[in-house]
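Numbering (this note's numbering), first residue to last: 32 to 144. Backbone N, C-alpha and C fix where the C-beta goes; we use that ideal spot for every residue, glycine too. Being a predicted model, the structure only gives us computed values, none of them experimental.
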């Protein structure tokens with residue numbers, strides 16, 4: 032019984048982590064797009080490249096792109112762990128229709144797209 036409780040606990044933890052990282056990656060992508068649009072607008076308006084606002088916007092855009100990469104890597108490893116936990120949970124007959132397992136499968140499907 033302890034193994035089943037531990038498995039359910041791990042499902043909840045890994046599902047929450049995958050959900051958070053999936054959302055985080057989306058937010059960084061949105062931020063990077065906004066910064067890119069702002070940078071393009073500044074350049075189109077003829078603001079000199081050495082202006083603080085242009086430099087700062089370019090730096091923020093670069094940081095957002097780095098965070099997208101970081102979030103993608105962390106999400107990938109979390110999805111792998113979640114997939115392994117789901118496989119282990121499906122082997123337990125008592126967890127076959129468990130709501131935590133169903134939620135984990137939904138998050139796994141969304142994050143894998």
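Checklist entry - What residue from 105, 61 and 110 has the CA that sits closest to residue 92's CA? => result As a working note, residue 92 is residue 61 in the chain shown. Here the closest residue by C-alpha is 61.
Item to check | Closest residue to residue 42 among 132, 74 and 89 (Cα-Cα distance) | outcome: The residue you call residue 42 lines up with position 11 of the chain shown. The shortest C-alpha separation from residue 42 is found at 132.
Item to check | Inter-residue CB distance, residue 55 and residue 108 (contact presumed, cutoff 8 Å) | outcome: Locating residue 55 in the chain shown gives position 24, counting from the first residue. Locating residue 108 in the chain shown gives position 77, counting from the first residue. Not confirmed; about 14 Å, so no contact.
Item to check | Simplified DSSP assignment, three categories, for residue 127 | outcome: As a working mapping, residue 127 is identified with position 96 in the chain shown. The answer is coil: DSSP assigns residue 127 none of H, G, I, E or B.
Next on the checklist: With a threshold of 8 Å on Cβ separation, who are the neighbours of residue 64 within its own chain once the five nearest residues in sequence on each side are excluded?
Outcome noted: As a working note, residue 64 is residue 33 in the chain shown. Hits under 8 Å: none found.
Next on the checklist: On a Cα-Cα basis, can you pick out the residue from 115, 82, 53 and 119 that is closest to residue 143?
Outcome noted: Reading the chain shown from its first residue, position 112 is the one you call residue 143. When only C-alpha atoms are compared, the closest one is 53.
Item to check | Straight-line gap, residue 67 to residue 81 (C-alpha atoms, nearest Å) | outcome: Residue 67 sits at position 36 when you count from the first residue of the chain shown. Residue 81 sits at position 50 when you count from the first residue of the chain shown. Rounded to whole angstroms, residue 67 to residue 81 spans 17 Å at the Cα level.
Next on the checklist: Using CA atoms only, rank isn't needed, just tell me which of 74, 48 and 116 is closest to residue 88.
Outcome noted: Numbered from 1 along the chain shown, position 57 holds the residue referred to as residue 88. When only C-alpha atoms are compared, the closest one is 74.
Next on the checklist: residue 139 and residue 145 - do their beta-carbons sit closer together than 8 Å?
Outcome noted: What is shown of the chain runs 32 to 144, which leaves residue 145 out entirely.
Item to check | Contacts around residue 121, its chain only, beta-carbon distance under 8 Å, and the 5 residues preceding and following it disregarded | outcome: The residue you call residue 121 lines up with position 90 of the chain shown. Excluding residues within five positions, the ones whose Cβ falls inside 8 Å are 127 and 132.
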